[in-house]
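This report refers to the structure that appears directly beneath it.
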Amino acid sequence: MTMTTRYVFSAAMLAFVPLVTAWGGPLLTLPYATYEGIYNTTTGVNSYYGIRYAQPPVGALRWQPPQDIELNNDYASESPIYAGTYAPECTQGVPYWAGNYTLPPAGSEDCLLLNIQVPANPAHATLPILLQIHGGGYTEGNPEGTPGDSLIMQSKGNIIYVAIQYRLSAYGFMSSYEIRQNGLLDQRAAIQWTQRYARYFGGDPSQITLIGGSAGGGSVMSQLILYGGVANPPFRAAISEYPWWQPFKNDSTLETQYRQLLNAAGCTDVACLRAMDETSLAIATQQVYVDAYAAGSYAYGDFYFGPSVDGQIIADLPSNEFKQGHFAKVPLLVNRDGYEGVIFSNRSITTQEEELADLQKLFPYAGPSFINRLYELYPMSAYNSTFYHRSQWFGDFIIDCPAYYMASAVADAGLPAYKLLFYAGTELHAATGPYLYLNNNDGTPAGNDTLGLIMRDWYLSFATCLNPNEVSFSETPKPYWSAYNDGSGFLAMSVNYTQMGVVTDFDASAQCDFFHAQSYVVRN
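For the sequence shown, the residue numbers in mature numbering (1 follows the signal peptide of the UniProt record, and there is no 0) are -22 to -1, 1 to 502.
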């Protein structure tokens, strides 16, 4: 599309467009570049996609910590840079059990980018910021599935929405004696960039709330415990949706991952990997998933690559960090869906023997006492199939119990903590997503679903006031959401198809206490 045709507007459209210049869309002017975004006339949202927050991690910068964008003038521009379409996602990696994958994998290495969405008519001069870390098992995903239009629109111009990208799979989460995990550092760099530049797009740098689901929720957790939990983190609150705590690999497995990539790439050291062309390296990283699954290196439902304990970025296992109070002390909202383990369990497993083989792949260092106790807590007789038995304990282990650990640790630290048990929608992993982010083609909320209005109100109230009860932007009636440790035990908001209200947390259980006590066994 040419410059001429891109900026032809009808008279009706011009009535709604805030003309920053006489010829284009809204402009975001940063010290090193100016970006030209797009304006949605229906939602009243200005969007800027693909804003660089760090230098491209390519060539010599592969497997290096993110480098501040200000260190390189190559990205400065006197002319506005068009930011009206989504930028390339980070190179994807698909675990073998998940199904079809493409060669070369989708995405690009040049992906340390973020999206900014702001109300064209903000309610105040500076606004709280909701910062999204996307999910996808630390190996897949991008911000496109969680746009902020519905939240901004319902907030009546009271929030700004930022969504970030970070290196995935082997690019961001490979760790060995030669390479350190950098995906979490990418996330922290994007948060710090947002804090540095918030004033340039109307945000308040002291009011950033992190939000993320699945591996995004696990990433929010990791940001809480990064460097042992810093005293003054670059955010003031956290929303961790269905936090994915997949097994943290031990040093032996991490070194095996590295050797598997060297073999797939035909390399002998990291210098060779850094010298490879982008396509060949991407194909090699995907081949690791195939070879490693065939070798029994990871189990069904595990994404193989992910955060690990390196002694510095992540000082200890998350369960231990929360037990010991080694996390950033900020208010927390955490949730989990009804049946978290279903889509990560293998329906072809029909016997207890097959399930045991699968279990031992997931927990290779677990002894007979661990397995016997797991079967005592989850008796086969309580489930109508091996599949549902496996999906229950797997969902508890990887999401349900971590949500309980986080809420109880934050509450024990004397901070506001709120937990949601979500048994509506599909009730499966990510069931809350459509109620928060699903849009029509014009960016408006999909339908006038009452539960969607309530959910967005709760989250917006927490992001702006650190309490889901404080403000109701939609004015939709809703029950009071008690804090997790509100003097009456472990309290959670339960939402199902027929009712919603506060209950005692289902996850404050012997099953979750068992997994919590076995941290070094279940983290392989």
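Backbone N, C-alpha and C define an ideal beta-carbon position, used for all residues, glycine too. Since the structure is predicted, the reported quantities are computational estimates derived from the model, not experimental observations.
Open item on the list: Do LEU204 and VAL140 count as a contact pair if the criterion is CB distance below 8 Å?
Closed with: As a position in the sequence shown, residue 140 is number 162, starting the count at 1. As a position in the sequence shown, residue 204 is number 226, starting the count at 1. Contact flag unset, no.
Open item on the list: Taking its Cβ as the centre, do 16 or more other Cβ atoms sit within 10 Å of LEU469, making it buried, or is it exposed?
Closed with: Translated into positions along the sequence shown, residue 469 becomes position 491. LEU469 should be labelled buried.
TODO: Look up THR404 in the DSSP assignment and say whether it is helix, strand or coil.
DONE: Counted from its first residue, the sequence shown places residue 404 at position 426. Note: THR404 maps to coil in three-state DSSP.
Task: According to DSSP, residues forming a beta bridge with LEU105 - done: In the sequence shown, residue 105 corresponds to position 127, counting from 1. Paired residue(s): GLY181.
Open item on the list: DSSP has residue 510 in a bridge; who is on the other side?
Closed with: Not covered by the structure: residue 510. The range shown for the chain is -22 to 502.
Open item on the list: Suppose the cutoff is 6 Å on Cβ atoms and the five residues either side in sequence are ignored; what does the same chain contact list for VAL268 look like?
Closed with: Walking along the sequence shown from the start, residue 268 turns up at place 290. Within the same chain, VAL268 has close Cβ partners TYR74.
Open item on the list: Strictly by DSSP, which residues pair up with GLY115?
Closed with: Here residue 115 is taken as the residue at index 137 of the sequence shown, counted from 1. Partner(s): none; GLY115 has no beta bridge.
Open item on the list: With three or more beta-carbon pairs closer than 8 Å as the criterion, would you say the region 209 to 222 touches the region 313 to 329?
Closed with: yes
- [ ] Between the Cα of GLY274 and those of ASP483, GLN235, ALA242, ASN463, spot the shortest distance and give me the residue it belongs to.
- [x] Position 296 of the sequence shown, counted from the first residue, corresponds to residue 274. Ranking ASP483, GLN235, ALA242, ASN463 by Cα distance to GLY274 puts GLN235 first.
TODO: Excluding the 5 residues preceding and the 5 following PHE484 in the sequence, name in chain order all residues of the same chain whose CB lies nearer than 7 Å to its CB.
DONE: Here residue 484 refers to the residue found at position 506 of the sequence shown. The residues are LEU399.
Open item on the list: DSSP three-state label for MET199, please.
Closed with: By 1-based counting over the sequence shown, the position of residue 199 is 221. Helix.
Open item on the list: By the DSSP assignment, the beta strand (DSSP E) with ALA141 in it spans what residues?
Closed with: As a first step, residue 141 must be located in the sequence shown, where it is residue number 163. ALA141 -> beta strand (DSSP E) spans 138 to 142.
Task: Beta carbon of PRO43 nearer than 8 Å to that of LEU163 - done: As a working note, residue 43 is residue 65 in the sequence shown. As a working note, residue 163 is residue 185 in the sequence shown. Yes; because the gap between Cβ atoms is below 8 Å, this pair is in contact.
TODO: Rank PRO58, LEU416, ASN99, THR482 by C-alpha distance to the C-alpha of TYR17 and give the top, closest one.
DONE: Residue 17 sits at position 39 when you count from the first residue of the sequence shown. Closest by alpha carbon: ASN99.
TODO: Determine the closest residue to THR404 out of GLY37, LEU49, CYS245, VAL320, with distance taken between C-alpha atoms.
DONE: For the purposes of this step, residue 404 is taken as the residue at position 426 of the sequence shown. Taking only the C-alpha atoms, the option nearest THR404 is VAL320.
TODO: Identify the continuous beta strand (DSSP E) that holds SER25 and give its terminal residues.
DONE: As a working note, residue 25 is residue 47 in the sequence shown. From DSSP, the beta strand (DSSP E) with SER25 extends over 23 to 30.
Task: Exposed unless 16 or more other CB atoms sit within 10 angstroms - verdict on THR231 - done: As a first step, residue 231 must be located in the sequence shown, where it is residue number 253. Burial call: buried.
Task: Residues that PHE468 bridges to, as DSSP identifies them - done: One-based indexing of the sequence shown puts residue 468 at position 490. DSSP output for PHE468 lists ASN463 as bridge partner(s).
Task: Test: SER192 CB closer than 8 Å to a CB of chain D - done: Absence of chain D from the displayed structure is noted, only one protein chain being present.
Task: Integer-rounded CB distance, given that SER460 should sit under 8 Å from VAL473 - done: The residue labelled residue 473 in the question sits at position 495 within the sequence shown. The residue labelled residue 460 in the question sits at position 482 within the sequence shown. Not confirmed; about 14 Å, so no contact.
Open item on the list: If I follow the unbroken beta strand (DSSP E) through ASP315, where does it start and stop?
Closed with: Within the sequence shown, numbered from 1, the residue matching residue 315 stands at position 337. Element bounds for ASP315: 310 to 315.
Open item on the list: Residues in the same chain with beta-carbon distance under 7 Å from LYS134, minus the five sequence neighbours each way, listed in chain order, please.
Closed with: As a first step, residue 134 is located in the sequence shown; it is residue number 156 there, counting from the start. So the qualifying residues of the chain are ALA101, PHE451.
Task: 8 Å CB neighbourhood of LEU414 in its chain, flanking five on each side removed - done: Looking up residue 414 in the sequence shown gives position 436. Correct list, in chain order: THR124, SER128, LEU129, GLY430, MET433, ARG434, TYR437.
Open item on the list: I need the DSSP call for ALA(-1), collapsed to helix, strand or coil.
Closed with: Taking the sequence shown and counting its residues from 1, one reaches residue -1 at position 22. Its pLDDT being 37, under 50, ALA(-1) is placed unreliably by the model, and nothing is read from it.
Open item on the list: If you reduce the DSSP assignment to three classes, tell me which class ASP491 lands in.
Closed with: The sequence position of residue 491 within the sequence shown is 513, counting from 1. Helix, per DSSP.
Open item on the list: Assuming MET433 is part of the alpha helix (DSSP H), what are its boundary residues?
Closed with: Numbered from 1 along the sequence shown, position 455 holds the residue referred to as residue 433. Note, MET433: alpha helix (DSSP H), 428 to 443.
TODO: Kindly list the residues whose CB is nearer than 7 Å to the CB of ALA(-1), restricted to its own chain and excluding five residues on each side of it in sequence; keep chain order.
DONE: As a position in the sequence shown, residue -1 is number 22, starting the count at 1. Bear in mind that a pLDDT of 37 at ALA(-1), under 50, signals an unreliable position, so the number given afterwards is only what the model happens to contain. None.
- [ ] Apply the 10 Å Cβ neighbour rule to ASN350 and answer buried if 16 or more other Cβ atoms are within range, or exposed otherwise.
- [x] Taking the first residue of the sequence shown as position 1, residue 350 is located at position 372. Answer is exposed; the Cβ neighbour count stays below 16.
Open item on the list: For VAL248, which residues in the same chain have their Cβ closer than 7 Å to its Cβ, ignoring the five residues on either side in sequence?
Closed with: One-based indexing of the sequence shown puts residue 248 at position 270. These residues qualify, in order along the chain: TRP41, GLU156, ILE157.
Task: ARG237 in three-state terms, based on DSSP - done: As a first step, residue 237 must be located in the sequence shown, where it is residue number 259. DSSP places ARG237 in helix when its eight states are reduced to three.
- [ ] Compute the Euclidean distance between the alpha carbons of GLN290 and ASN160, then round it to the nearest angstrom.
- [x] Numbered from 1 along the sequence shown, position 312 holds the residue referred to as residue 290. Numbered from 1 along the sequence shown, position 182 holds the residue referred to as residue 160. So the alpha carbons of these two residues sit roughly 12 Å apart.
Task: C-alpha gap between PRO121 and PHE283, whole angstroms - done: By 1-based counting over the sequence shown, the position of residue 121 is 143. By 1-based counting over the sequence shown, the position of residue 283 is 305. Their backbone Cα atoms lie some 20 Å apart in a straight line.
Task: Which residues DSSP lists as bridging PRO97, in chain order - done: Along the sequence shown, one-based indexing puts residue 97 at 119. Its beta-bridge partners are VAL23.
Task: DSSP state of ALA486 mapped onto helix, strand, coil - done: Residue numbering aside, residue 486 sits at position 508 when the sequence shown is read from its first letter. Here ALA486 sits in coil by DSSP.
Task: C-alpha distance - ALA167 paired with PHE365, whole-angstrom precision - done: Here residue 167 corresponds to residue number 189 of the sequence shown, with the count starting at 1. Here residue 365 corresponds to residue number 387 of the sequence shown, with the count starting at 1. Computed Cα separation, rounded: 41 Å.
Open item on the list: Alpha carbons only, please: which of THR442, GLY279, ARG214 is nearest the one belonging to PHE341?
Closed with: On the sequence shown, position 363 is the one that residue 341 refers to. Of the candidates THR442, GLY279, ARG214, the one whose C-alpha sits nearest the C-alpha of PHE341 is GLY279.
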